[in-house]
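Undergrad:
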Amino acid sequence: MKLESMKGRWHRLFDEPLSLHIYPMHLENGELVINVDSPGWLQQVQFYKQAIQDKLSDYAIRDIRFKYGKVYRRSVQVADSAVTRRQVPRTSNSRVLSDSETLWIDEVICPVVDHDLKETIRTAIQKSLSQSRRK
1 MKLESMKGRW
11 HRLFDEPLSL
21 HIYPMHLENG
31 ELVINVDSPG
41 WLQQVQFYKQ
51 AIQDKLSDYA
61 IRDIRFKYGK
71 VYRRSVQVAD
81 SAVTRRQVPR
91 TSNSRVLSDS
101 ETLWIDEVIC
111 PVVDHDLKET
121 IRTAIQKSLS
131 QSRRK
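Using the working numbering, the first residue of the sequence shown is number 1, and each one after it goes up by one.
What follows is the structure, encoded as structure tokens:
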């Protein structure tokens, strides 16, 4: 539960660009494994290890280990300095997407360069996932 809570707050705990290049992946016995998206950033974050650990003090992290790996990016909109999740239009038979679904959508559309196309794809995937499953 601590890891999921941390993932949900990750982009509020750390500012850009750091939050775009690191992401928590595994927590066990007080050791947090954080994926880093490039060798350059992997080297850089070593210098900030203590500062990162200090920011995560609410989660009782005793040690942090960085490794090269996939980093999930959550789409955010900034409104009045508050970070909010993109809202999916809801209908009477739709459901709220989970954090992992939202992160997966962001990963899928990340390579798309055209902004309008990216938003069209995002909306289509969100609508498909949010529809209630029929039995």
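For every residue, glycine included, the Cβ atom is placed at its ideal position computed from N, Cα and C. These numbers were taken from a predicted model, which means no experiment stands behind them.
Please report the residue range of the alpha helix (DSSP H) in which proline 39 lies.
TA: The residue labelled residue 39 in the question sits at position 39 within the sequence shown. Note, proline 39: alpha helix (DSSP H), 39-46.
Undergrad: Mind checking whether valine 112 and isoleucine 121 have CB atoms under 8 Å apart?
TA: Taking the sequence shown and counting its residues from 1, the one referred to as residue 112 is at position 112. Taking the sequence shown and counting its residues from 1, the one referred to as residue 121 is at position 121. It is a contact, given that the beta carbons lie within the stated cut-off.
Undergrad: With leucine 27 and lysine 2 assumed to form a contact (beta carbons below 8 Å), what rounded beta-carbon distance in angstroms separates them?
TA: To locate residue 27, count along the sequence shown from 1; it is residue 27. To locate residue 2, count along the sequence shown from 1; it is residue 2. The pair is a contact, with the Cβ atoms about 6 Å apart (cut-off 8 Å).
Undergrad: Between the stretch 41-56 and the stretch 6-21, can you find at least three pairs of beta-carbon atoms closer than 8 Å?
TA: yes
Undergrad: Could you please give the first and the last residue of the uninterrupted alpha helix (DSSP H) stretch that includes lysine 67?
TA: In the sequence shown, counting from the first residue as 1, residue 67 sits at position 67. Counting along the chain, lysine 67 sits inside no alpha helix (DSSP H); it lies in the beta strand (DSSP E) bounded by residues 63-68.
Undergrad: Leaving out five residues on either side along the sequence, give the residues of the same chain with a beta carbon under 7 Å from the beta carbon of lysine 70.
TA: To locate residue 70, count along the sequence shown from 1; it is residue 70. Taken in chain order, the residues that qualify are Asn35.
Undergrad: Relative to the C-alpha of valine 96, which residue among Glu119, Ile125 and Ser130 is closest?
TA: Along the sequence shown, read from residue 1 onward, the residue named residue 96 stands at position 96. Looking at Glu119, Ile125 and Ser130, the one whose alpha-carbon comes closest to that of valine 96 is Ser130.
Undergrad: Hey, out of Arg65, Ser128, Tyr59 and Ala124, whose CA is closest to tryptophan 10's CA?
TA: As a first step, residue 10 is located in the sequence shown; it is residue number 10 there, counting from the start. Nearest option by C-alpha distance: Tyr59.
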